[in-house]
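The following block contains the structure:
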């Protein structure tokens, strides 16, 4: 069935270093892959997305890579800052706008 | 200024009772959704609506009933509440249902005792 696997449940990096979060999906029909950030006790905040007609998208310090053949996509955060600490969720869109989410990655930025 | 308003923010209910979670969006979107987040299942799709019509229902239990009285409203009625229903319920919306950003409300945190 429809599934999104998020490989890292926790990730800790030093401030200024890069962080990478990896996800895989099962349905080859998926064509839209957003990422969300959730701070403790708060809602989901959209950070970046990628559509299946491209394999790379960058927005400031964030880059998303999409490998359709491997059914894999990843979020790269460069020059990490303390405010990047949060839980990050990857997702893939299925029928009727349904988002299937990964399990989340808790990213901690160490000073 | 929140564009998706969920009420209440917190809700405590007694087992067996019925509650309604309110959601209104002021983004002009035609698609609305409900998602649930709990310790057991991080983020789970429940329903999708487009132009006030049910498009997808992934909730096995009929105790969960969405209600759309207006184009920008999608409330969630939950009957015969159980402790397992304790979760944060997020309302979301998007313009269309294909390959477009989905915006989330702040959530209603439901605790069933």
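Residue numbers (the numbering used here), protein chains in the order written: chain R, 1 to 111; chain L, 112 to 224. Think of the CB as a built atom: it goes at the ideal place given N, C-alpha and C, for glycine as much as any other residue. Only a predicted model underlies this, so the values are computations on that prediction, with no experimental measurement involved.
Backbone secondary structure at residue i - three-state DSSP
i: residue 153 of chain L; result: coil
i: residue 96 of chain R; result: helix
i: residue 55 of chain R; result: coil
i: residue 196 of chain L; result: helix
i: residue 84 of chain R; result: helix
i: residue 139 of chain R; result: The requested residue 139 of chain R is not part of the displayed model; chain R covers only 1 to 111.
i: residue 103 of chain L; result: Look at the range of chain L in this structure, 112 to 224, and you will see that residue 103 of chain L is not part of it.
i: residue 110 of chain R; result: strand
i: residue 36 of chain R; result: strand
Close beta carbons around residue i, own chain, < 7 Å, minus the five adjacent residues each side
i: residue 133 of chain L; result: 117, 118 and 186
i: residue 193 of chain L; result: 126 and 223
i: residue 218 of chain L; result: 117, 199, 200 and 201
Length of the line joining the Cα atoms of residue i and residue j
i: residue 138 of chain L; j: residue 153 of chain L; result: 26 Å
i: residue 38 of chain R; j: residue 11 of chain R; result: 15 Å
i: residue 213 of chain L; j: residue 42 of chain R; result: 16 Å
i: residue 75 of chain R; j: residue 94 of chain R; result: 20 Å
i: residue 73 of chain R; j: residue 18 of chain R; result: 16 Å
i: residue 84 of chain R; j: residue 8 of chain R; result: 16 Å
Below-8 Å beta-carbon distance, residue i vs any chain B residue
i: residue 65 of chain R; result: The structure shown contains no chain B; the protein chains it does contain are R and L.
Cβ shell of residue i (< 6 Å), same chain only, five flanking positions each side left out
i: residue 117 of chain R; result: This structure gives no information on residue 117 of chain R, because the portion of chain R shown stretches from 1 to 111.
i: residue 79 of chain L; result: A question about residue 79 of chain L goes unanswered here, because the residues of chain L that appear run from 112 up to 224.
The region 100 to 108 of chain R touching the region 59 to 69 of chain R, judged by at least three CB pairs closer than 8 Å:
Fewer than three pairs of CB atoms, one per stretch, sit closer than 8 Å, so the region 100 to 108 of chain R makes no contact with the region 59 to 69 of chain R.
Counting only Cβ-Cβ distances shorter than 7 Å, please list the residues of the region 43 to 59 of chain R near chain L, keeping chain order.
Residues 43, 44, 46, 49 and 51.
Exercise for review: Below 7 Å between beta carbons is the criterion; list the residues of the region 178 to 205 of chain L that meet it against any residue of chain R, in chain order.
Suggested key: Listed by position along the chain: 201 and 205.
- Can you give me, in chain order, the residues of the region 79 to 102 of chain R that have a beta carbon less than 9 Å from any beta carbon in chain L? So the list reads 87, 89, 91, 93, 94, 95, 96, 97, 98, 99, 100, 101 and 102, given in the order they occur along the chain.
Q.
I'd like to know if the region 156 to 172 of chain L and the region 46 to 55 of chain R are in contact, where contact means that at least 3 CB-CB pairs between them fall below 8 Å.
A. The region 156 to 172 of chain L is not in contact with the region 46 to 55 of chain R.
Taking Cβ-Cβ distances below 8 Å as the criterion, which residues of the region 17 to 40 of chain R are in contact with chain L?
The region 17 to 40 of chain R vs chain L, Cβ under 8 Å: 31, 32, 34 and 36.
key: Stretch pair the region 177 to 185 of chain L + the region 76 to 96 of chain R: three plus CB contacts closer than 8 Å   = Result no; under three Cβ-Cβ pairs closer than 8 Å.
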